[in-house]
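In this note's numbering, the protein residues as written are 12 to 288.
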């Protein structure tokens, strides 16, 4: 089994904030997805997000209905590294908004693993323009090689005012600080703008003035476990796995033995760490 390290996001439960993909019951085995070999010898990508089993283990029980069989010869480390971060934008553009080729996309928080994937996936789906926004200018510059037509910092957000879709991995004050200038600067405020909220590294809440929802054709939707049915995630997995296997997405993965999880957990790296038995 190989599994990747994931940072949990939070959602309200009983007046407290808990990981939105967790039931808050401890102890648990970490890891919500991974690549496994079943007893018949099939290599599968599996999701265990709503169980207490986890994938940070040599062996685990799976529900075959929550998995997809992968092609022969596939690199399990690449799949384990790519599927979770790539799935966020892949499913968002396929299942949460009416995205079509030729539209313009802004990725907020484009320098993280999921953001890097979002830039590539938007291009793969035929986006006419992809603008990558972030704070680390060095990492931003590297995104042009992955398909970003323009890279901007948050204080340049007005350059992206006329996009059709925002893929937001930051939320919080950063998103609020970007949203209002964008809406104000749009050439046509009646043109639809779909804002897809996926991550919240900058904060769990956003102060949105009511006028922002009245003065522009803004649609804010979330994309994740719960807002997208499990069957929809599963339906998208084979094509996503094929894209990774074909090299359509640049994946930076580093395999680390599970026995070294303590050392790897706090390592400073741009790679996606994948734990292997």
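In this text, a Cβ means the ideal position worked out from N, Cα and C, and glycines have one as well. Owing to the predicted nature of the structure, the values given are computational and were not obtained by experimental measurement.
{"Query": "Same chain, Cβ closer than 7 Å to residue 138, neighbours up to 5 away in sequence not counted", "Result": "114, 115, 116"}
{"Query": "Residue of 272, 226, 166, 99 minimising C-alpha distance to residue 131", "Result": "99"}
{"Query": "Where residue 105 sits in the DSSP three-state scheme", "Result": "helix"}
{"Query": "The segment 77–95 in contact with the segment 262–272 per 3-pair CB rule at 8 Å", "Result": "yes"}
{"Query": "Residue 233 - partner residues in DSSP beta bridges", "Result": "208"}
{"Query": "Residue 234 and residue 212 closer than 7 Å at C-beta", "Result": "no"}
{"Query": "Residue 42 vs residue 62 beta-carbon contact at 7 Å", "Result": "no"}
{"Query": "The beta strand (DSSP E) enclosing residue 45, as first and last residue numbers", "Result": "44–48"}
{"Query": "Three-state secondary structure (DSSP) of residue 266", "Result": "strand"}
{"Query": "Bounding residues of the beta strand (DSSP E) (the contiguous stretch that carries residue 162)", "Result": "161–163"}
{"Query": "Contact check, residue 92 vs residue 272, beta carbons under 7 Å", "Result": "no"}
{"Query": "Cβ neighbours of residue 189 in the same chain (closer than 7 Å, five flanking residues each side left out)", "Result": "119, 165, 168"}
{"Query": "Expected contact under 8 Å - CB spacing of residue 239 and residue 107 to nearest Å", "Result": "7 Å"}
{"Query": "Local Cβ density within 10 Å of residue 72, reported as buried at 16 or more and exposed below that", "Result": "exposed"}
{"Query": "For residue 286, three-class secondary structure by DSSP", "Result": "strand"}
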